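In our numbering, the protein residues as written are 54 to 365.
Take a look at the structure below.
Below is the structure:
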């Protein structure tokens with residue numbers, strides 16, 4: 054697959070600079086992220102994504118611009134489910150809130166590299182084997198149905214098996230050691246429980262990527278648009294976590310909306326040869342699904358006599 058590398062180097066260089074500023078300058082000291090700081094960073098990442106989207110519109114045309122925006126919207130919405138899982142992971146490991154940002158930062162960095170590999174692997178499969186469209190469609194429909202059935206809890210049994218496997222090869226300290234992932238103990242490199250938290254976050258992101266990457270490949274097969282929209286959604290995930298982690302359970306019908314979106318995108322992949330849904334049509338349907346879910350959640354809370362945003 055022939056790909057011009059200049060835009061890729063430019064984008065990855067830009068993202069690298071932002072991440073260095075984030076951890077190396079603005080967040081050198083671990084601290085609990087305040088709602089005000091989370092709002093500012095959420096606006097920054099969303100603003101950067103929209104500016105980048107504007108550049109896509111100008112340089113590549115309206116079709117590419119709509120594809121980026123639709124892909125970004127899908128990835129951003131699916132990342133909301135990640136946030137809920139991250140909350141459960143942090144509670145499970147009894148992680149101190151002032152370490153949340155450090156774990157999420159390195160988790161996002163790992164996701165950036167992992168998704169680069171997975172996206173190109175997915176595109177290569179689609180280019181070589183047309184039946185993979187139907188496989189991806191089946192994965193999305195199945196994931197959507199499973200998401201609708203999910204209870205608001207997380208089964209850590211599979212994670213525990215993997216972690217116990219890791220412990221057979223890597224010694225782990227009993228307690229957290231400040232903000233370190235590894236320390237030197239009795240002359241040998243030893244991991245801390247913070248490393249296990251990061252490892253669990255990365256495993257969870259790999260599971261989520263199985264849904265999110267096929268979903269965006271149903272929107273466009275342009276690797277640059279697929280990857281950049283994916284990464285902008287992931288980069289904004291950390292600030293979004295601190296902003297709405299405690300608010301998400303109040304949007305009762307959000308998980309149902311995500312389920313419907315996955316099923317819709319999966320069906321779109323099944324029908325790609327018979328009928329190609331216009332990109333503006335996909336965008337409109339997805340926006341309508343989320344609008345209905347938000348209105349229904351607000352109405353549910355109103356009928357229950359509870360304010361949706363009472364946390365603020």
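Note that CB positions come from ideal geometry on N, CA and C, so glycine has one too.
As the structure is a prediction and not an experimental result, all values here were calculated from the model.
Residue 365 to residue 315, Cα distance in whole Å?
The residue given as residue 365 occupies position 312 in the chain shown. The residue given as residue 315 occupies position 262 in the chain shown. Per-residue confidence for residue 365 stands at a pLDDT of 42, beneath the threshold of 50, marking its modelled position as unreliable; the derived number appears in the next sentence. Going by the C-alpha atoms only, they are around 31 Å apart.
So, under 8 Å CB-CB, residue 171 and residue 266 are touching, yes? Tell me the CB distance rounded to an integer number of Å.
For the purposes of this step, residue 171 is taken as the residue at position 118 of the chain shown. For the purposes of this step, residue 266 is taken as the residue at position 213 of the chain shown. Going by Cβ atoms, the distance from residue 171 to residue 266 rounds to 6 Å, so yes, they are a contact pair.
Which of the three DSSP states is assigned to residue 69 in this structure?
Residue mapping note: residue 69 aligns to position 16 of the chain shown, counting from 1. In the structure shown, residue 69 sits in a helix (DSSP, three-state: H, G or I).
Using CA atoms only, rank isn't needed, just tell me which of 72, 297, 118 and 284 is closest to residue 333.
As a position in the chain shown, residue 333 is number 280, starting the count at 1. Minimum Cα distance to residue 333 is reached at 118.
State the start and end residues of the unbroken alpha helix (DSSP H) segment that holds residue 278.
Position 225 of the chain shown, counting from 1, holds the residue named residue 278. Note, residue 278: alpha helix (DSSP H), 276-288.
Between the C-alpha atoms of residue 196 and residue 188, what's the straight-line distance to the nearest angstrom?
Position 143 of the chain shown, counting from 1, holds the residue named residue 196. Position 135 of the chain shown, counting from 1, holds the residue named residue 188. Their backbone Cα atoms lie some 12 Å apart in a straight line.
Along the beta strand (DSSP E) that carries residue 238, what are the first and last residues, could you check?
Taking the first residue of the chain shown as 1, we reach residue 238 at position 185. Here the beta strand (DSSP E) through residue 238 covers 235-238.
Mind checking which residues open and close the alpha helix (DSSP H) that includes residue 117?
Residue mapping note: residue 117 aligns to position 64 of the chain shown, counting from 1. First-last of the alpha helix (DSSP H) with residue 117: 115-145.
Buried or exposed for residue 160, going by 16 or more other Cβ atoms inside 10 Å?
Translated into positions along the chain shown, residue 160 becomes position 107. Buried, because 16 or more other Cβ atoms sit within 10 Å of the Cβ of residue 160.
When DSSP builds the beta bridges, which residues end up paired with residue 348?
Counting from 1 along the chain shown, the entry for residue 348 is found at position 295. DSSP output for residue 348 lists no bridge partner at all.
Assuming residue 105 contacts residue 281 (C-beta within less than 8 Å), just tell me the rounded distance between them.
Taking the chain shown and counting its residues from 1, one reaches residue 105 at position 52. Taking the chain shown and counting its residues from 1, one reaches residue 281 at position 228. With 8 Å as the limit, residue 105 and residue 281 qualify as a contact, their Cβ atoms being about 7 Å apart.
My guess is that residue 304 and residue 350 are in contact by the Cβ rule of under 8 Å, so how many angstroms apart are they, rounded?
Sequence index remark: in the chain shown, residue 304 carries index 251 (1-based). Sequence index remark: in the chain shown, residue 350 carries index 297 (1-based). Right, the Cβ-Cβ distance comes to about 5 Å (below 8 Å), so this counts as a contact.
Could you tell me the distance, in whole angstroms, from the CA atom of residue 110 to the CA atom of residue 292?
For this step, residue 110 is matched to residue 57 along the chain shown. For this step, residue 292 is matched to residue 239 along the chain shown. About 26 Å.
What are the boundary residues of the beta strand (DSSP E) that includes residue 366?
Residue 366 is absent from the structure shown; the chain starts at 54 and stops at 365.
Is DSSP giving residue 297 helix, strand or coil here?
Counted from its first residue, the chain shown places residue 297 at position 244. It is helical.
From the DSSP output, in three-state form, read off residue 165 for me.
The residue labelled residue 165 in the question sits at position 112 within the chain shown. In this structure, residue 165 counts as helix in the three-state DSSP scheme.
So, residue 124 versus residue 338, is the Cβ gap smaller than 9 Å?
Counting from one through the chain shown, the residue named residue 124 turns up at place 71. Counting from one through the chain shown, the residue named residue 338 turns up at place 285. No, they are not a contact pair.
Put residue 332 into one of helix, strand or coil per three-state DSSP.
Within the chain shown, residue 332 is the residue found at index 279, counting from 1. Correct three-state label for residue 332: helix.
Does the segment 255-271 come close enough to the segment 224-231 that 3 or more CB-CB pairs lie under 8 Å?
no
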